[in-house]
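In this note's numbering, the protein residues as written are 2 to 238.
Yeah, the Cβ is synthetic: ideal placement off N, Cα and C, and Gly gets one too.
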């Protein structure tokens, strides 16, 4: 990897956290830049999509499927705790076609069959409709370089529950766009209950999302890449 980096004119990363992970491999004389991923806000116009008819007074979306480190088990395990305060809570899980016996077994052992729904792998537009229809996005990942799902939630003006690690804090700010917690059932449940009960906090997050997501539009991303290419070409000449 270090030999490859020596041949680069510039190395670009999707977060400062990722840049730090590569620090020991990149020679000092190689130019580097952090350029965040972008999002097309025109796809998230709520006036252009009908909400889905979902069950549950409090609807939580977990979009990470069973990918390692995304936090599916902690999210599921938080629901019995949330249910004590919000009996009609439903966790909607996206990104896995057929849950593994391990995950099915966890849901069954917790007695949460009526409170956990597996939605399969949805086409982008259907996923956006689901996101529009839930109350909060929850993905307590144990490792995440950036997290496009957080941008999508912000674009849809949804509060976020995530973890304070990796590149996540560069997207989600504690108390502003959501709540950052340890990837464990108890703090996840506490954060979910807080968001359910605090109307003022949710309204504040909705306003902040509208402002903060503008930092991550494709215009901003493309401008960053153009600037990087121009800088490399200028130096080579």
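Pick out the complete beta strand (DSSP E) segments inside the stretch 47-107, 3 residues or longer, and give them in chain order.
If we require 3 residues or more, the beta strand (DSSP E) runs fully inside the stretch 47-107 come out as 59-63 and 90-94.
Given residue 132 as reference, the closest of 53, 192 and 30 once Cα atoms are compared
When each option's Cα is compared against that of residue 132, the closest is 53.
Assigned secondary structure, residue 14 (DSSP; H/G/I helix, E/B strand, else coil)
Residue 14: strand per DSSP, three-state reduction.
Within its chain, find whatever has a CB closer than 7 angstroms to the CB of residue 239; leave out the 5 residues flanking it on each side and keep chain order.
Absent from the structure is residue 239, since the part of the chain shown begins at 2 and ends at 238.
Buried or exposed for residue 18, please, with buried defined as at least 16 other CB atoms from any protein chain shown within 10 angstroms of its CB.
Per the 10 Å Cβ criterion, buried.
Is residue 203 helix, strand or coil by DSSP?
DSSP places residue 203 in helix when its eight states are reduced to three.
Check for me: the alpha helix (DSSP H) holding residue 197 runs from which residue to which?
Unbroken alpha helix (DSSP H) run through residue 197: 186-198.
Our contact map puts residue 162 next to residue 148 with C-beta atoms below 8 angstroms; I'd like the distance itself, whole angstroms only.
The Cβ separation is near 12 angstroms, so there is no contact.
The alpha helix (DSSP H) that contains residue 119, what's its start and end?
Segment 117-119 is the beta strand (DSSP E) holding residue 119; no alpha helix (DSSP H) there.
Assuming residue 181 contacts residue 164 under a Cβ cut-off of 8 angstroms, what Cβ separation, rounded to an integer in Å, is found between them?
Confirmed, about 6 angstroms.
Quick check on the burial criterion: 16 or more other C-beta atoms within 10 angstroms. Buried or exposed for residue 219?
Residue 219 sits exposed, since fewer than 16 C-beta atoms from the chains shown fall within 10 Å of its C-beta.
If you pair each beta-carbon of the stretch 109-119 with each one of the stretch 90-98, do three or more pairs fall below 8 angstroms?
Counting Cβ pairs under 8 angstroms, three or more are found: they touch.
CB-CB length for residue 156 against residue 40, believed under 8 angstroms:
At roughly 6 angstroms, the Cβ-Cβ gap stays under 8 angstroms, so residue 156 and residue 40 are in contact.
Out of curiosity, what's the CA-to-CA distance linking residue 6 and residue 31?
So the alpha carbons of these two residues sit roughly 8 angstroms apart.
How is the alpha helix (DSSP H) around residue 180 delimited, first residue to last?
Note, residue 180: premise wrong, no alpha helix (DSSP H); beta strand (DSSP E) at 179-182.
Straight-line CA distance for residue 176 to residue 138?
The straight-line gap separating the alpha-carbon atoms of residue 176 and residue 138 is approximately 15 angstroms.
I'd like to check one pair, residue 96 with residue 64: are the Cβ atoms closer than 8 angstroms?
For residue 64 and residue 96, yes; Cβs fall inside 8 angstroms.
Beta-carbon within less than 6 angstroms of residue 100's beta-carbon, same chain only, minus the 5 sequence neighbours each way: which residues are those?
Cβ within range, chain order: 119.
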